[in-house]
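All remarks here apply to the structure that follows.
Put into structure tokens, the structure is as follows:
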């Protein structure tokens, strides 16, 4: 529908007419005229052209907007992906707002790339500019939604997101907690003590399981008691709950096993029955505020819950874990994802060699 606004310049007093046309399935169009008659004529012509071309040659199944597809995906698919439901939901809400009115037949790679560049330019929820890694996750979420529209609903013949070139991401960081065996007043001790002192009854148990199992935040929050295999000493993550879309057995030992054996006696479907998320899924929400408070109380900087996964892998590498063992523990398909921990294994081997040298080195030198 066309809207015509009369504008007058404060400096010159000149009057002009601004036309804005909004039509579902097309981006807004705006133009300014000196005469109102010209503005009306242009608006009528553009609206007629857009309406004539709207469904021209368009199969019935493709007469859907991106907003319709996002709504179907959020309703039908996301509830079955508890590990990413919050992340994908946030990303798709952004795409719906920016490109939701566009028909899928008009959703080109160029339009998606333009929006992708906008993600890189604008600040995120923290007020800071988004990183290439974050922007790529937005694109991955959209691509999954479009793949659903192409393969399941048959609303489109191609996935235009696949034609967008992603920005190169920096090499993944390795941030892990210092250990009592390495330093006094270690980060590991401070964090666990802060979590234990938290008012949230789940936080300490979540932190311990994060360190001892290397599971992601979403995997732990989606862990149902039906997935426990205590007779086998662990639990089974379903393919739907993991980022790699593969079923994975997670072993439980020490305090992690004690926590699970204690919590399984509590009522409820899930191991952690916290607050329900503010969306369509019933998966409990992670206690974000309590976690942030505990990290601050422990005096630890630049640390996220996901870094407990790095902590698990780093400790395993320093304990002499092999590449294959790290891959199996973290659920990675390729060795490239665990190469970041190789230097820790090398440092461990050098430390062992140093202890060996301290034991026999004096004798060998004296003998020479």
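Residue numbers (my numbering): 2 to 369.
Built from N, CA and C at the ideal position, the CB exists for glycine as well.
Tell me whether the beta-carbon of residue 14 lies closer than 8 Å to the beta-carbon of residue 67. no
Is the beta carbon of residue 249 closer than 8 Å to that of residue 150? no
Fully enclosed by the stretch 176-238, which beta strand (DSSP E) runs are 3 residues long or longer? 235-238
Against chain B, does residue 196 count as a neighbour if the rule is that its beta carbon must be under 8 Å from one of theirs? The structure shown has no chain B; it contains just one protein chain.
Would you call the stretch 152-163 and the stretch 109-119 in contact, with 3 or more CB pairs under 8 Å? yes
Would residue 165 pass as a contact of residue 233 if the rule is Cβ separation under 8 Å? no
Environment of residue 214 [buried if 16+ CB atoms lie within 10 Å]: buried
Who are the Cβ neighbours of residue 264 in its own chain at under 6 Å, not counting the five residues just before and after it? Cβ neighbours of residue 264 beyond the five flanking positions: 272.
In this structure, how does DSSP classify residue 33 when only helix, strand and coil are distinguished? strand
From which residue to which residue does the beta strand (DSSP E) around residue 252 run? 249-252
Measuring alpha carbon to alpha carbon, tell me which residue in 47, 178, 207, 118 is nearest residue 308. 178
Please report how far the alpha carbon of residue 104 lies from the alpha carbon of residue 292, in whole angstroms. About 42 Å.
Please classify residue 128 as buried or exposed, where buried requires at least 16 neighbouring CB atoms within 10 angstroms. exposed
Locate the beta strand (DSSP E) running through residue 240, then write down its first and last residues. Per DSSP, residue 240 is not a residue of any beta strand (DSSP E), being assigned neither H nor E.
When DSSP builds the beta bridges, which residues end up paired with residue 17? Note: residue 17 sits in a beta bridge opposite 8.
Is the beta carbon of residue 70 sitting closer than 8 Å to the one on residue 138? The beta carbons of residue 70 and residue 138 sit no closer together than 8 Å.
Cross-strand partners of residue 130 (DSSP beta bridge): 124
Thinking C-alpha only, which one of 40, 192, 80, 18 is nearest residue 312? 192
How big is the Cα-Cα spacing for residue 40 and residue 10? Straight-line measurement puts the Cα of residue 10 at about 18 Å from the Cα of residue 40.
Is the Cβ-Cβ distance between residue 222 and residue 285 less than 8 Å? yes
Indicate whether residue 330 and residue 175 have their beta-carbon atoms separated by less than 8 Å. no
Helix, strand or coil at residue 260 according to DSSP, with G and I counted as helix: helix
Is DSSP giving residue 64 helix, strand or coil here? coil
Beta carbon of residue 225 nearer than 8 Å to that of residue 270: yes
Own chain partners of residue 186 with C-beta closer than 7 Å, once the 5 adjacent residues on each side are dropped: none
Tell me whether the beta-carbon of residue 133 lies closer than 8 Å to the beta-carbon of residue 169. Yes, the Cβ-Cβ distance between residue 133 and residue 169 is below 8 Å.
Through-space distance from residue 319 to residue 301, alpha-carbon basis: CA-to-CA, the gap between residue 301 and residue 319 works out to about 21 Å.
Could you tell me the boundaries of the alpha helix (DSSP H) in which residue 89 lies? 86-100 is the span of the alpha helix (DSSP H), which, as asked, contains residue 89.
Roughly how many angstroms separate the alpha carbons of residue 212 and residue 254, rounded to a whole number? 11 Å
Can you give me the C-alpha to C-alpha distance between residue 298 and residue 310, rounded to a whole angstrom? CA-to-CA, the gap between residue 298 and residue 310 works out to about 21 Å.
Does residue 382 pass the burial test, meaning 16 or more other C-beta atoms within 10 Å, or should it be called exposed? Given a span of 2 to 369 for the chain in the structure shown, any question on residue 382 remains unanswerable.
Is residue 69 near the ligand SAH - that is, is its Cβ less than 7 Å away from at least one heavy atom of it? Absence of the ligand SAH from the depicted structure is noted, as is the absence of any ligand whatsoever, leaving it without description.
Rounded C-beta distance between residue 252 and residue 235? I'm assuming under 8 Å. 4 Å
Report the partner residues of residue 3 according to the DSSP bridge assignment. Here residue 3 is bridged, per DSSP, to 22.
For the alpha helix (DSSP H) containing residue 160, list its first residue and its last residue. Note, residue 160: premise wrong, no alpha helix (DSSP H); not H, not E.
Close-in-space but distant-in-sequence residues of the same chain around residue 275 (CB under 7 Å, 5 per side omitted): 203, 285, 286, 288
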